[in-house]
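In the numbering used here, each number is its position in the sequence shown, counted from 1, plus 118.
For reference, the structure is listed below as C-alpha cells.
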Amino acid sequence: MHILVTGGAGFIGSNLVHFLLEHRPDCHLTVLDSLTYAGCRQNLARWEGDPRFRFVEGSITDPQAVDLAMQGARTCLHLAAETHVDRSIHDGAQFIATNVGGTQVLLDGARRHELERFVLVSTDEVYGSIPEGSFLETDPLCPSSPYSASKAGADLLALAHHHTYGTPVLITRCTNNFGPYQYPEKLIPFFLSQAMQGHELPVYGDGLQVRDWIDVEDHCEALLQVLEKGSPGEVYNVGAGHEVTNLEITQTLLDLLGKPQSLIRHVQDRPGHDRRYSVDTTRLRALGWKPRHEFRETLERTVDWYRRNQAWWEDLRRKREEYQKFYEQQYAGRLGGG
Ligand SMILES: NC(=O)c1ccc[n+]([C@@H]2O[C@H](COP(=O)([O-])OP(=O)(O)OC[C@H]3O[C@@H](n4cnc5c(N)ncnc54)[C@H](O)[C@@H]3O)[C@@H](O)[C@H]2O)c1
119 MHILVTGGAG FIGSNLVHFL LEHRPDCHLT VLDSLTYAGC RQNLARWEGD PRFRFVEGSI
179 TDPQAVDLAM QGARTCLHLA AETHVDRSIH DGAQFIATNV GGTQVLLDGA RRHELERFVL
239 VSTDEVYGSI PEGSFLETDP LCPSSPYSAS KAGADLLALA HHHTYGTPVL ITRCTNNFGP
299 YQYPEKLIPF FLSQAMQGHE LPVYGDGLQV RDWIDVEDHC EALLQVLEKG SPGEVYNVGA
359 GHEVTNLEIT QTLLDLLGKP QSLIRHVQDR PGHDRRYSVD TTRLRALGWK PRHEFRETLE
419 RTVDWYRRNQ AWWEDLRRKR EEYQKFYEQQ YAGRLGGG
C-alpha cells in the first residue's frame, strides 16, 4: 500500500505518519506539505532515510507538485489545510485558496492517477452549532466561520467529484483533536505554553462553549479504518463523545501544571463563535472503530509532552515572525504579559 498524506508535517498529519508507519510496517508513504508556519519537518525527522518514507515539499495548489507526489501512490489521505479559525476571521483568502482550491487540484490529480481511494479530512465544524443532540452525516452543512465554510466547500466539492466522475472519495468529519505536535496557537497548546511562561490565559467570553475532544491517535486509527473499510461516497463522523467546556479544560490544565486559576482572563468572545459541537458516530463504529483513550489520561500525557518538549514550542513561539504577528493582532491590549 502506497499512501499520499497531504499536510503530513502538521499536527494531525505528523501523528498520522507515525501511526501508519508503526501500525502498517509494509506501507509506503509520501508526504506532500508546503511547510507553512504550521508545518514542521522536524516532526517527521525520525523517518528521514527510511525507504518507506518520502517527503515532497510543495503546495496542494500546484498541479506539478501534486503530480510528483502522486507518483506511485494508490490512495490519498488529504489533511493539508489552513486550520486556525481566528486567522480565517482576520483574512479568509488563503483559506479559500488552500482548502477549496487545493482540494480541487488534488481531486483532479486523483482522477489522472486513478487513485483507488481519496479520504478528505473534513471537520465537525461544517455542521455549525447544535444546542442539544448530535449531528448525523446526512444533516445539512451550516458553517459559521470562514475556516469552516472553506472546509465545507472542500467537503462538498469532493462529494460532487464522487457524484460526477465516480472518484472514490470518502469524507471524515472529526471533532477537536489533542495530543503532541499541535501548533501553540490552538487552545490546549496555547494555554499550556502561556501558563508555563507565567502569562495569562485569554478565555473567550464566558468560556462555556462546548467541544468534543478526541485523542489524535484515536483520530488516526479512525482514518485508517475509513481508508481500508469505508464505502466510497460516504461521510463518517469521528468523535470520542467527550464533551467539555473551554473553561473546564482551562481550569484542568492549570491544575495539572500546578499553576493558579488567577491566570485565567476572560476576553471578548470570538465573533460568530459556535456554542456547541456534537456528532453522532454510529456509522464509523459500525466499521469496528471505537476510541481507545480516556480524556483525562490523554490530557495528562499531552501536558507531559509539552513540558518535556518546551524547546519545540518555544522555538515556534519565539523565533517565528508569523506567530508574533498573529499573537499581537489577536491579543494585543487584552493581556498583561505575552
Ligand atoms: N486539529 C483538529 O482538531 C481538527 C479537527 C477536525 C479536522 N481537522 C482537519 O485536519 C486537517 C489537519 O489539521 P491540523 O490540526 O493537523 O492542521 P495544522 O495546521 O497543524 O497542519 C496543516 C498542515 O498543512 C500544511 N499545508 C497548509 N497549506 C498547504 C498547502 N497549500 N500545500 C501543502 N501543505 C499545506 C501545513 O504546512 C501543515 O503542515 C485539516 O484539514 C483540518 O481541517 C483538524
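Idealized CB from N, CA, C, for every residue including glycine.
Model, not experiment: these values are computed from the prediction.
Q: Could you check the C-alpha separation between D273 and E446 for me, to the nearest Å?
A: 32 angstroms
Q.
Helix, strand or coil, according to DSSP, for N364 in the structure here?
A. helix
Q) Are there three or more Cβ pairs, one per stretch, closer than 8 angstroms when the region 318 to 327 is compared with the region 380 to 393? A) yes
Q: With a 10 Å radius around its C-beta and 16 neighbouring C-beta atoms as the bar for buried, classify S349 as buried or exposed.
A: exposed
(Q) Check whether the region 129 to 144 and the region 204 to 216 are in contact - that is, three or more C-beta pairs closer than 8 angstroms. (A) no
Q | 8 angstroms contact criterion, which T416 and G297 should meet: CB distance rounded | A | 7 angstroms
Q.
With a threshold of 7 angstroms (Cβ to nearest heavy atom), would E200 be considered close to ligand 1?
A. yes
Q. Near A127, which residues of its chain fall below 7 angstroms by C-beta distance, leaving aside the five closest residues on each side in sequence?
A. V149, D151, L153, G157, C158, R159, N161, L162
Q. Helix, strand or coil for N133 per DSSP?
A. helix
**Q.** Span of the beta strand (DSSP E), counted from its first residue to its last, around L288
**A.** 287 to 292
Q) Do the region 387 to 404 and the region 237 to 246 make contact, defined as three or more Cβ pairs closer than 8 angstroms? A) yes
Q.
At 4 residues or longer, what runs of the alpha helix (DSSP H) sit wholly inside the region 365 to 406?
A. 400 to 403
Q | Start-end ranges of the alpha helix (DSSP H) lying completely within the region 164 to 214, minimum 4 residues | A | 181 to 188, 203 to 208
Q) Is it the case that the CB of G271 approaches a heavy atom of ligand 1 more closely than 7 angstroms? A) no
Q: Leaving aside the five residues before and after E418 along the sequence, list all residues of the same chain whose C-beta is less than 8 angstroms from its C-beta, in chain order.
A: L374
Q: Taking only heavy atoms of ligand 1 into account, decide whether any of them is closer than 7 angstroms to the Cβ of A127.
A: yes
Q: Go ahead and pull the three-state DSSP assignment for T154.
A: coil
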